[in-house]
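Asker: Residue numbers (my numbering), protein chains in the order written: chain A, 179 to 389; chain B, 5 to 210. Here a beta-carbon is modelled for each residue, glycine too, at the ideal position from N, C-alpha and C.
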Ligand SMILES: [Zn+2]
Ligand SMILES: [Zn+2]
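Next up, the structure:
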């Protein structure tokens, strides 16, 4: 539905509205590492985008590769009187499912696999086009999905959970950390770097192909 | 420095999804001209939805703590742990640091979420202008810590997958962990439903 007065709003592109309290600000040019805070409520208004589109694309490709490694490699191996038991993320999902905690299995699969993966894939798709300043087909839907999925990706929590599980198991078993745990650790770092970026910035650096 | 104007006073609003600044509209069917998401001045039905989800979470929180979340079985013993007893065990096993982390994630964080969301909802309904800045800070805190409560759920998932030595030793998830997972999701949804702009709206006095 078209908005009235839209034509008179072209100056609004230089404005930014605090998401937490509705205060209106003029957008500022931020220097490296700078963060603009809302003076009314203290929320972050915008951050300096210190990695360019090309850099972000490279990071996403790296994250995708690490994500695959993290999911196929064993996280930890337990040893008990000659027997060894190893697991991957999917091993944990399947164990929960078979032991009657299907809801938790689904939650684990969504927050540690499907949401992070869709985040990475959508981001990769959007950035591939953004490198030439273009908006990918389905750009609006992709950007909306990124915003909605973001709070439900929990790789960082899983990382800490693995650590706790290893310590708990260590009391009774020999614990050998597998490559999966390093991959998850690296993924956590990459995701932290990304989280310091506002993906919505891509709206400003790309233009519709038709326009 | 004087306070910046608020969007509503200037006849503006911004898109929740892409942050585009558009002209103010109270049309409930308005869409963002840029990303086509629904445009709302404030999240719709925010307070009622946030309350409902919070109360549901509080209800599930009881079985989540009373029922054991994990069974450790070996040849000689069968040991059911609740969230709290699991923390004690971690402490006794010589990892007080991790015990504190798990205690924070599983007990302190959910408790804080219940308390803070209740404070926010009650104060907004009373149109209190009191310590708005502190309440805004509390809201951001809840948003930030929300998902860390999932910690124990993931610990049980990993241990259940790992400790599978037939009759010798086994770890199984128990119903408590399902309730706990539900609590985490409900409290996160409750916080997301809350619109922090309400803290700054309809104040009795400036
Ligand atoms: Zn603000
Ligand atoms: Zn929009």
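Secondary structure at residue 369 of chain A, three-state DSSP: helix, strand or coil?
Answerer: Walking along the first chain from the start, residue 369 of chain A turns up at place 191. In this structure, residue 369 of chain A counts as helix in the three-state DSSP scheme.
Asker: Let's test the definition: count the other Cβ atoms within 10 Å of the Cβ of residue 209 of chain B and tell me whether it reaches 16, buried, or not, exposed.
Answerer: Taking the second chain and counting its residues from 1, the one referred to as residue 209 of chain B is at position 205. Any reading at residue 209 of chain B must be qualified, since the residue scores a pLDDT of 43, below 50, and its modelled position is unreliable; the value itself is stated next. Per the 10 Å Cβ criterion, exposed.
Asker: Within the same chain, show all residues whose beta-carbon is closer than 6 Å to that of residue 379 of chain A, passing over the 5 residues directly before and after it, in chain order.
Answerer: Looking up residue 379 of chain A in the first chain gives position 201. Around residue 379 of chain A: 227.
Asker: Could you tell me how far apart the beta carbons of residue 333 of chain A and residue 281 of chain A are, in whole angstroms, since I believe they sit closer than 8 Å?
Answerer: Numbered from its first residue, the first chain carries residue 333 of chain A at position 155. Numbered from its first residue, the first chain carries residue 281 of chain A at position 103. Contact between residue 333 of chain A and residue 281 of chain A does not hold, since the beta-carbon distance rounds to 20 Å and is not under 8 Å.
Asker: Does at least one heavy atom of ligand 2 sit under 7 Å from the Cβ of residue 57 of chain B?
Answerer: By 1-based counting over the second chain, the position of residue 57 of chain B is 53. Not so, every heavy atom of ligand 2 lies at least 7 Å from the Cβ.
Asker: Suppose you measure from the CA of residue 342 of chain A to the CA of residue 159 of chain B; what does that come to, to the nearest Å?
Answerer: Within the first chain, the letter at position 164 stands for residue 342 of chain A. Within the second chain, the letter at position 155 stands for residue 159 of chain B. Taking the straight line joining both Cα atoms gives about 7 Å.
Asker: Using the Cβ count rule (16 or more neighbours within 10 Å means buried), how would you classify residue 121 of chain B?
Answerer: Numbered from 1 along the second chain, position 117 holds the residue referred to as residue 121 of chain B. Under this definition residue 121 of chain B is a buried residue.
Asker: Please find out if some non-hydrogen atom of ligand 1 comes closer than 7 Å to the beta-carbon of residue 136 of chain B.
Answerer: Sequence index remark: in the second chain, residue 136 of chain B carries index 132 (1-based). Checking the Cβ of residue 136 of chain B against ligand 1 gives no.
Asker: Give me the Cα-Cα distance between residue 211 of chain A and residue 288 of chain A, rounded to the nearest whole angstrom.
Answerer: Residue mapping note: residue 211 of chain A aligns to position 33 of the first chain, counting from 1. Residue mapping note: residue 288 of chain A aligns to position 110 of the first chain, counting from 1. About 33 Å.
Asker: Any heavy atom of ligand 2 closer than 7 Å to the CB of residue 313 of chain A?
Answerer: Counting from one through the first chain, the residue named residue 313 of chain A turns up at place 135. Outside the cutoff, so no.
Asker: Taking only beta-carbon atoms, is residue 127 of chain B less than 8 Å away from chain A?
Answerer: Counting from 1 along the second chain, the entry for residue 127 of chain B is found at position 123. Cβ-Cβ to chain A under 8 Å: no for residue 127 of chain B.
Asker: Got a sec: does ligand 1 put a non-hydrogen atom nearer than 7 Å to the Cβ of residue 221 of chain A?
Answerer: For the purposes of this step, residue 221 of chain A is identified with residue 43 of the first chain, where counting begins at 1. Yes, the Cβ of residue 221 of chain A comes within 7 Å of a heavy atom of ligand 1.
Asker: Counting C-beta neighbours from all protein chains within 10 Å, is the total for residue 185 of chain B 16 or more, i.e. buried, or is it exposed?
Answerer: Here residue 185 of chain B is taken as the residue at index 181 of the second chain, counted from 1. Burial call: buried.
Asker: When you compare the CB of residue 336 of chain A with every CB in chain B, is at least one pair closer than 8 Å?
Answerer: In the first chain, the residue the question calls residue 336 of chain A occupies position 158. Yes - at least one Cβ of chain B is within 8 Å of the one on residue 336 of chain A.
Asker: At a cut-off of 7 Å, is residue 141 of chain B close to ligand 2 when judged by its beta-carbon and the heavy atoms of the ligand?
Answerer: As a working mapping, residue 141 of chain B is identified with position 137 in the second chain. For ligand 2, not one heavy atom lies less than 7 Å from the Cβ of residue 141 of chain B.
Asker: Which residues does DSSP list as the beta-bridge partners of residue 168 of chain B?
Answerer: As a first step, residue 168 of chain B must be located in the second chain, where it is residue number 164. BP columns for residue 168 of chain B point to B/174.
Asker: Candidates B/196, B/205, B/203 and B/77: which alpha carbon is nearest residue 53 of chain B's?
Answerer: Start at 1 with the first residue of the second chain, and residue 53 of chain B comes out as number 49. Measuring from the Cα of residue 53 of chain B, the nearest candidate turns out to be B/196.
Asker: Suppose you measure from the CA of residue 44 of chain B to the CA of residue 363 of chain A; what does that come to, to the nearest Å?
Answerer: In the second chain, the residue the question calls residue 44 of chain B occupies position 40. In the first chain, the residue the question calls residue 363 of chain A occupies position 185. Rounded to whole angstroms, residue 44 of chain B to residue 363 of chain A spans 39 Å at the Cα level.
Asker: Should residue 33 of chain B go down as buried or exposed, given a rule of 16 or more other Cβ atoms within 10 Å for buried?
Answerer: Taking the second chain and counting its residues from 1, the one referred to as residue 33 of chain B is at position 29. It counts as exposed.
Asker: Would you list the one or two residues that DSSP bridges to residue 375 of chain A?
Answerer: Counting from 1 along the first chain, the entry for residue 375 of chain A is found at position 197. The partner list for residue 375 of chain A (beta bridge, DSSP) is empty, contrary to what the question assumes.
Asker: Quick check: residue 196 of chain A and residue 213 of chain A, are their CB atoms within less than 8 Å of each other?
Answerer: For the purposes of this step, residue 196 of chain A is taken as residue 18 along the first chain, with counting starting at 1. For the purposes of this step, residue 213 of chain A is taken as residue 35 along the first chain, with counting starting at 1. Going by C-beta atoms, residue 196 of chain A is not nearer than 8 Å to residue 213 of chain A.
Asker: At 4 residues or longer, what runs of the alpha helix (DSSP H) sit wholly inside the segment 24-104 of chain B?
Answerer: 50-70 and 87-96
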